[in-house]
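Working notes, structure below.
Residue numbers (the working numbering): 1016 to 1453.
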């Protein structure tokens, strides 16, 4: 039987759902449960914290970017060798992309409805009391296909505050379980930077943070009542593979500069017979494989070290010179270029395999879902292959030489964005993080 699960969502970003999720993951795992976790949407950073709390990879579930059978297969795989599935939402419960009419938006509500998981709503009670009950009632009635089974109120200032919220909920929505009232926890704040939270591996005391978060949830949330609300997913079937393998042996960059790789993508390559090896450009390790994957991350924070990583850069150039596939996404795209200018205006020479100069001196946000069509045959498939992905960075292209485009791109609403990425021989890269074939 599939492991039961639930979704932790909120009316809006900043309500505390990530802290509540991490605390519950750590607490429930500490109780001896085999907890699998998921994150709605394309985010890379929250899943790394999930993995630290549960000891197993966190999978992204995305109803806009993934084919229905991909979403179904990944959701079903979560319950394998697990006792419980906990899925953290993205933004507010109903928030998603500005998509084409009648098409998916990628919202948490869509994923919850498709999977058949009940929703636990985390409501920030700061600055309200009885009104929090009205918020809960409104969300519970908004979409009949989405079941709000429970609520956790965050930043509750004391007994009186708690009593007023509970009384209002008892009058307005008595069938919804009130699972917890969490006080302000100013000592449990995760540091952030321009792409969101800092990476889990950069946290100065992640184990201590998770231990304290688990203790807070154990003290203020009724986890036994929470577990009774969980339901098995209605989704089933194997997930198709997102991308074809670049080669039989793929060297994958993995360190603090290259941390944004989807587990489903890597597992898809393994399932298709590819062997993955991992190397650290920051440790000046050369790629060892018949192809190279440079995922996204924060190369702009490590420009000087990367520029001095002679073995790494020479290894990239050597493989490219042998026409071995080299695939870069976002940060990997920039490293394959000629140079990166950091926020302080210092330029760092990169691999020089693509005619590209990027800069972070003047930040400019690029954010949104992307449709992408391959312009020509290459390591990612034949010309015309359609992908869906996501773009999120603050880099500006300050110089670009003559080279063919990798994709023709459009946004979630179908608005054409023009050429995206570059191709130079066997080197292919773009700012897009590919999630699945369309």
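Where is the CB? At the ideal position from N, CA and C, for every residue including glycine.
- The beta carbons of residue 1167 and residue 1154 sit no closer together than 8 Å.
- For residue 1216, same chain residues with a beta-carbon under 8 Å away, outside a window of 5 residues either side, are 1063, 1271 and 1274 in chain order.
- By the neighbour-count criterion, in which a residue is buried when 16 or more other Cβ atoms sit within 10 angstroms of its Cβ, residue 1016 is exposed.
- The continuous beta strand (DSSP E) containing residue 1341 extends over residues 1341-1344.
- Look at the beta carbons and you see the stretch 1439-1451 touching the stretch 1392-1412: at least three pairs across the two are nearer than 8 Å.
- In the structure shown, the three-state DSSP call for residue 1053 is strand.
- Distance from the CA atom of residue 1093 to the CA atom of residue 1086, rounded to whole angstroms, is 11 Å.
- Looking only at 1078, 1346 and 1134, the smallest Cα-Cα distance to residue 1318 is reached by 1346.
- In summary, residue 1292 is exposed, with fewer than 16 beta-carbon neighbours lying within 10 Å of its beta-carbon over all protein chains present.
- Residue 1411 is bridged by DSSP to 1374.
- Distances from the alpha-carbon of residue 1381 to those of 1387, 1411 and 1433 put 1411 closest.
- Using a Cβ distance threshold of 8 Å, residue 1439 and residue 1368 count as a contacting pair.
- Between residue 1227 and the set 1241, 1247 and 1202, the nearest pair of CA atoms involves 1202.
- When the alpha-carbon of residue 1081 is set against those of 1218, 1277, 1238 and 1236, the nearest one is in 1277.
- Around the Cβ of residue 1160, a 10 Å sphere holds fewer than 16 other Cβ atoms; the residue is exposed.
- Here the alpha carbon of residue 1084 sits roughly 13 Å from the alpha carbon of residue 1126.
- Residue state for residue 1250 is assigned as coil, using DSSP reduced to three classes.
- Residue 1236 places its beta carbon less than 8 Å from that of residue 1197.
- For residue 1200, no beta strand (DSSP E) run applies, since DSSP gives it neither H nor E.
- Residue 1025 sits close to residue 1104, with the two beta carbons spaced by under 8 Å.
- Here the alpha carbon of residue 1248 sits roughly 9 Å from the alpha carbon of residue 1100.
- In the three-state DSSP reduction, residue 1120 falls in the coil class, being neither helix nor strand.
- In this structure, 1436 is the residue among 1436, 1224, 1424 and 1028 with its C-alpha nearest to the C-alpha of residue 1417.
- Contact annotation: the stretch 1322-1333 touches the stretch 1296-1306, with at least three C-beta pairs closer than 8 Å.
- Close CB contacts of residue 1144 within its chain, under the 8 Å cut and outside five residues either way in sequence, are with 1176, 1179, 1180 and 1183 (chain order).
- The C-alpha of residue 1287 is placed about 11 Å away from the C-alpha of residue 1264.
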